[in-house]
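Visitor:
2 protein chains.
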Amino acid sequence: MDSIFSDRISDVPRSFIREILKVAIDPSIISFAGGLPNRAFFPAEEIERATTRVFREYGRDIFQYGNSEGHLGLREYISERYRQKNLDIPVDNILITSGSQQGLDMLGKVLVNDGDGVVMEEPGYLGAIQAFSIYQPTFYSVPLNEDGIDTDKLAEVVKTGKPRLMYTVPNFQNPSGISYSDANRLKVAEILRGTKTIFIEDDPYGELRFTGERKRSFKEILPDNTVLLGSFSKTVVPGFRIGWVAAPAQIMEKLIIAKQATDLHTSHFTQSIIYWYLKENDVNAHISLIRQVYGKQCQAMLDSIGRHFPAGVTNTRPEGGMFLWAGLPGNLSALELFDLAVKDRVVFVPGDPFYINKTGTSTMRLNFSCVDEKTIDIGIERLGKAILTLLEKAG
Amino acid sequence: MDSIFSDRISDVPRSFIREILKVAIDPSIISFAGGLPNRAFFPAEEIERATTRVFREYGRDIFQYGNSEGHLGLREYISERYRQKNLDIPVDNILITSGSQQGLDMLGKVLVNDGDGVVMEEPGYLGAIQAFSIYQPTFYSVPLNEDGIDTDKLAEVVKTGKPRLMYTVPNFQNPSGISYSDANRLKVAEILRGTKTIFIEDDPYGELRFTGERKRSFKEILPDNTVLLGSFSKTVVPGFRIGWVAAPAQIMEKLIIAKQATDLHTSHFTQSIIYWYLKENDVNAHISLIRQVYGKQCQAMLDSIGRHFPAGVTNTRPEGGMFLWAGLPGNLSALELFDLAVKDRVVFVPGDPFYINKTGTSTMRLNFSCVDEKTIDIGIERLGKAILTLLEKAG
């Protein structure tokens, strides 16, 4: 049965992270490799109460097929929460998806023809690389700097490549933890204004800011071109697979057709539970707690890096989110470091999967959401020793 | 923002049925248009108990991200249930999907290149036409006869078109209610054996047989080529969006990559609820109840048709499922009949959306799962009068 597969599926990179996570199940290993929110802050009791409420409120109707657009109350809640941030996004422009990963799949479906240009951040979010690969675009990688995307390179790519899409995570990016400054955002908007490039602003971590000032959304500064993706995975729970797409009316119409063709609709049962959870609880207090803990853990990791990493290692200083990004000196291979580190019972994600067509990179992603401050210090110390060992081997 | 869309999305037919269902909300209208399971048989209390069990058994872990393959216990249950029907399908060959609609999307993704041949039944399932359209195949329509698919036409299409896929609903097909006889199945298997055509056996209604003998699955008679799709939507509840794909190992490997790229995984929360429901209840007794009621309602519809429809109207006699199929005499247009019938407060689905590139057809789909016997008689009487009126007009 050779050659029975579509060309598109052979273009999708496998998730190296999946393999790493298997290693990390060993409880004696300290893992900075995960990309998971911290389970300690899942509002378990509140969700159980919301579930009881759903059974009472909807009766049997909650088990029937539902509409493709999603639970109306939930979409109203999302619209209202945007309004509180001065974003005017009507309910009709919001579609509930099975996590934001599905939003990416559907945007690829609806917008990308074979060979169309898709601008990606470098390093970029692996899930987006996978989702868009299915639709066989030409990827253009544009490097991230400390304050956002490289606008010179972007201007060049937009001019020559006339990309169909540009995909970004402007707040506390996965994998780098970098955020776009206001100035960088304005420059990006200027480059894209008047073009036919659709700008995808993926914002799963936006609510998880623990320092610095909130930045303006691209939906505000480039409204006609921007599609905004959101998710409850990092603020409530990921396991219900509830996210959303906020898009201009013309794109929304096509997304609804795609949603029907893809899975008819996302479960209204889980949508309703999230809705009642949001309606009946102090969500801001809940998110504030997550922010505090992640903020402390991020600071602990930065402090430990200062103490234990050898000179020459670079790292980002995230203002929010779940990840930071480190670079090894002298082009040391992060994959080689991984092999050393796992023997010392600490793991992370080597940078390779976050690049398109680059291997042997000297960068790595470190997750701080799931490890307590004390364990962070032990893990970073082990990792620092492994880096030293690798440096000595190379030197 | 013209021409920003992919070619593939413009090929997807819109669901006419969606529009009809909006009309059918008026409670004075009798609807044979729906495609829904009867909500009276959703096991609401049992599901609520299973949900409580899930909260107790899994704690917070149920809210975390899960694996892409799906809940292991649920996959074991599915495998075991197949074994009871003499089908050997290992757990590793079963992937949980967000309804079988998502199985169709992923099979299109993994198997279909632009222009590849896809054989469809005529009339065929609209959801499959929509799902595969995304991947821009060349459709080959092969007519259904009373005992299954037209094998002469199929043999010709397989020989000349070398299709990549063949999509079928061999048991109580949607929209026609037709089932493939054992002889027809063997002939189809003979035509496909040794070819590279993947045979998709979609079986959402298989458990809903109310008369006649169970037929052999294509998984049994054409194992290497067959991908089997199943769903809990018609036997438990549709609103959780839980279905599955059972496929040979080589295809499964690609489907898992596609699943990750599409939405990471289906909610393990809803999967677990279904699992505990199945484990702790007499599912066979539950399905038997649904079968009895649908069987009675189908018979009532057949009886009413006998009493109220004018001579010359043809109809299928389903052995299970939720639909029957009727044909108007003298090429009368079912769309014209719809306009008359809705004034008499009865609706159905005119045949057009179930054909690829055919309009003005004289066929229609009648659903019997959601209407009680008495109401069926009133509705069919109204519809009979509307047919008579149309016949007289045509004259």
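If you're matching them up, the sequences are chains L and Z in order. The opening residue of the first sequence carries number -9 in my numbering; numbering runs sequentially from there. The opening residue of the second sequence carries number -9 in my numbering; numbering runs sequentially from there. Using N, Cα and C, we set each Cβ at its ideal position, and we do this for glycine too. It should be emphasised that the depicted structure is a prediction, and the values quoted were computed from it without experimental measurement.
Under the DSSP definition of a beta bridge, which residues are partnered with S400 (chain Z)?
Guide: The structure shown does not extend to residue 400 (chain Z), since chain Z is modelled only from -9 to 385, so the question has no answer here.
Visitor: List, in chain order, every chain C residue whose beta-carbon is nearer than 7 Å to that of T41 (chain Z).
Guide: Going by chain labels, chain C is absent from the structure shown, which instead holds the protein chains L and Z.
Visitor: Going by other Cβ atoms of all chains shown within 10 Å of its Cβ, with 16 needed for buried, is T150 (chain Z) buried or exposed?
Guide: Your numbering for residue 150 (chain Z) matches position 160 in the second sequence. Exposed is the call here.
Visitor: Spell out a yes or no on whether the region 133 to 140 of chain L and the region 84 to 99 of chain L are touching, meaning 3 or more CB-CB pairs, one atom from each, closer than 8 Å.
Guide: These segments do not touch.
Visitor: Would you kindly check if the distance between the Cβ of A239 (chain Z) and the Cβ of V217 (chain Z) is under 8 Å?
Guide: In the second sequence, counting from the first residue as 1, residue 217 (chain Z) sits at position 227. In the second sequence, counting from the first residue as 1, residue 239 (chain Z) sits at position 249. Result no, Cβ atoms of V217 (chain Z) and A239 (chain Z) do not sit closer than 8 Å.
Visitor: Taking all protein chains shown into account, do 16 or more other C-beta atoms lie within 10 angstroms of the C-beta of E70 (chain Z), making it buried, or fewer, making it exposed?
Guide: Along the second sequence, read from residue 1 onward, the residue named residue 70 (chain Z) stands at position 80. So E70 (chain Z) counts as exposed.
Visitor: Taking I232 (chain L) and Q250 (chain L) to be in contact with their CB atoms under 8 Å, please state how far apart those CB atoms are, rounded to whole angstroms.
Guide: Within the first sequence, numbered from 1, the residue matching residue 232 (chain L) stands at position 242. Within the first sequence, numbered from 1, the residue matching residue 250 (chain L) stands at position 260. Contact flag wrong, Cβ pair sits at about 18 Å.
Visitor: Whose C-beta lies closer than 6 Å to the C-beta of G24 (chain L) among residues of the same chain, with five residues either side of it excluded?
Guide: Numbered from 1 along the first sequence, position 34 holds the residue referred to as residue 24 (chain L). N357 and C360.
Visitor: Does D425 (chain Z) pass the burial test, meaning 16 or more other C-beta atoms within 10 Å, or should it be called exposed?
Guide: Nothing about residue 425 (chain Z) can be read from this structure; chain Z reaches only from -9 to 385.
Visitor: Round the Cβ separation of I(-1) (chain L) and K383 (chain Z) to the nearest angstrom and send it over; I've been treating them as touching at under 8 Å.
Guide: Within the first sequence, residue -1 (chain L) is the residue found at index 9, counting from 1. Within the second sequence, residue 383 (chain Z) is the residue found at index 393, counting from 1. Incorrect: roughly 53 Å between the Cβ atoms, too far for contact.
Visitor: Count the other CB atoms, across all protein chains shown, that sit within 10 Å of the CB of L144 (chain Z); report buried if there are 16 or more and exposed otherwise.
Guide: Within the second sequence, the letter at position 154 stands for residue 144 (chain Z). Buried is the call here.
Visitor: Hey, out of Z:D142, Z:A275 and Z:P160, whose CA is closest to K209 (chain Z)'s CA?
Guide: For this step, residue 209 (chain Z) is matched to residue 219 along the second sequence. Comparing Cα positions, the closest option is Z:P160.
Visitor: With a CB to CB cut of under 7 Å and the five nearest residues on each side skipped, what residues in its chain are close to M(-9) (chain L)?
Guide: The count along the first sequence starts at 1 and reaches residue -9 (chain L) at position 1. Residue placement at M(-9) (chain L) is poorly supported in this model, since its pLDDT is 40, which falls under 50; the coordinates still yield a value, given next. Answer for M(-9) (chain L): no residue qualifies.
Visitor: May I have the straight-line CA-CA distance separating T365 (chain L) from I20 (chain L), to the nearest angstrom?
Guide: Counting from 1 along the first sequence, the entry for residue 365 (chain L) is found at position 375. Counting from 1 along the first sequence, the entry for residue 20 (chain L) is found at position 30. Their backbone Cα atoms lie some 7 Å apart in a straight line.
Visitor: Quick test of your reading: V44 (chain Z) and I37 (chain Z), contact by CB under 8 Å. State the CB separation rounded to the nearest angstrom.
Guide: The sequence position of residue 44 (chain Z) within the second sequence is 54, counting from 1. The sequence position of residue 37 (chain Z) within the second sequence is 47, counting from 1. Wrong, their Cβ atoms sit about 10 Å apart, outside the cutoff.
Visitor: Which residues, in order along the region 56 to 68 of chain L, keep a beta-carbon less than 7 Å from a beta-carbon of chain Z?
Guide: Residues G56.
Visitor: Which of the residues in the region 252 to 271 of chain Z, read from start to end, lie with their CB under 9 Å from any CB of chain L?
Guide: Cβ contacts with chain L come from T252, D253, L254, H255, T256, S257, H258, F259, T260 and I263.
Visitor: According to DSSP, is F344 (chain Z) helix, strand or coil?
Guide: What you label residue 344 (chain Z) is simply residue 354 of the second sequence in a count that begins at 1. Helix at F344 (chain Z).
Visitor: Look up D1 (chain Z) in the DSSP assignment and give the residues it is bridged to.
Guide: Here residue 1 (chain Z) corresponds to residue number 11 of the second sequence, with the count starting at 1. Paired residues: none, contrary to the question.
Visitor: Closest Cβ-Cβ distance between G89 (chain Z) and chain L: below 8 Å?
Guide: Working through the second sequence from its first residue, we reach residue 89 (chain Z) at position 99. Answer yes: the Cβ-Cβ gap between G89 (chain Z) and chain L drops below 8 Å somewhere.
Visitor: Shorter than 8 Å from the beta carbon of S(-4) (chain Z) to some beta carbon of chain L?
Guide: Translated into the one-based positions of the second sequence, residue -4 (chain Z) becomes position 6. By this cut-off, S(-4) (chain Z) is an interface position.
Visitor: Might you give, ordered along the chain, the residues of its own chain that have their beta carbon closer than 7 Å to the beta carbon of E326 (chain Z), omitting 5 neighbours on each side?
Guide: Here residue 326 (chain Z) corresponds to residue number 336 of the second sequence, with the count starting at 1. L380, listed in sequence order.
Visitor: Would I247 (chain Z) and V2 (chain L) qualify as a contact pair, given that the criterion is a beta-carbon distance under 8 Å?
Guide: Counted from its first residue, the second sequence places residue 247 (chain Z) at position 257. Counted from its first residue, the first sequence places residue 2 (chain L) at position 12. Cβ distance < 8 Å, so I247 (chain Z) and V2 (chain L) count as in contact.
Visitor: Drop a sphere of 10 angstroms on the beta-carbon of T128 (chain Z), count the other beta-carbons inside from all chains shown, and report buried for 16 or more, exposed for fewer.
Guide: One-based indexing of the second sequence puts residue 128 (chain Z) at position 138. The residue is exposed, with fewer than 16 neighbouring Cβ atoms inside 10 Å.
Visitor: Do the region 330 to 338 of chain L and the region 114 to 125 of chain L meet, that is, are 3 or more Cβ pairs less than 8 Å apart?
Guide: Taking 8 Å as the limit for Cβ pairs, the verdict is that the region 114 to 125 of chain L does not touch the region 330 to 338 of chain L.
Visitor: Below 6 Å CB to CB, which residues in the same chain sit around Y267 (chain L) once its five sequence neighbours on both sides are set aside?
Guide: As a working mapping, residue 267 (chain L) is identified with position 277 in the first sequence. Closer than 6 Å at the Cβ level, and outside the excluded window around Y267 (chain L), lie E36, I37 and A40.
Visitor: Whole angstroms are fine: how far does the CA of V81 (chain Z) sit from the CA of G374 (chain L)?
Guide: Numbered from 1 along the first sequence, position 384 holds the residue referred to as residue 374 (chain L). Numbered from 1 along the second sequence, position 91 holds the residue referred to as residue 81 (chain Z). Roughly 42 Å between the two C-alpha positions.
Visitor: Tell me, please, whether the CB atom of N103 (chain Z) is closer than 8 Å to any CB atom in chain L?
Guide: As a working mapping, residue 103 (chain Z) is identified with position 113 in the second sequence. Closer than 8 Å: yes.
Visitor: Any C-beta of chain Z within less than 7 Å: which residues of the region 226 to 238 of chain L qualify?
Guide: Answer set for the region 226 to 238 of chain L: V227, P228, G229, F230 and R231.
Visitor: List, in order along the chain, the chain Z residues whose C-beta lies closer than 9 Å to that of I86 (chain L)?
Guide: To locate residue 86 (chain L), count along the first sequence from 1; it is residue 96. Chain Z residues near I86 (chain L): none, gap ~12 Å exceeds 9 Å.
Visitor: Name the chain L residues that come within less than 7 Å of F32 (chain Z), Cβ to Cβ?
Guide: Position 42 of the second sequence, counting from 1, holds the residue named residue 32 (chain Z). Chain L residues near F32 (chain Z): R50 and F53.
Visitor: For the region 122 to 133 of chain Z, list every residue whose C-beta sits within 8 Å of some C-beta in chain L, in sequence order.
Guide: If the cut-off is 8 Å between Cβ atoms, the region 122 to 133 of chain Z has S123, I124 and Y125 near chain L.
Visitor: Check this for me: beta carbons of Y67 (chain L) and Y265 (chain L), under 8 Å apart or not?
Guide: The residue you call residue 67 (chain L) lines up with position 77 of the first sequence. The residue you call residue 265 (chain L) lines up with position 275 of the first sequence. Cβ distance < 8 Å, so Y67 (chain L) and Y265 (chain L) count as in contact.
Visitor: Measuring CA to CA, which of Z:K177, Z:Q163 and Z:Y170 is closest to D142 (chain Z)?
Guide: What you label residue 142 (chain Z) is simply residue 152 of the second sequence in a count that begins at 1. Nearest option by C-alpha distance: Z:K177.
Visitor: For L212 (chain L), name the three-state secondary structure that DSSP assigns.
Guide: Reading the first sequence from its first residue, position 222 is the one you call residue 212 (chain L). Here L212 (chain L) sits in coil by DSSP.
Visitor: Can you name the residues of chain L whose CB is closer than 7 Å to the CB of V2 (chain Z)?
Guide: Working through the second sequence from its first residue, we reach residue 2 (chain Z) at position 12. In chain order: I247 and A251.
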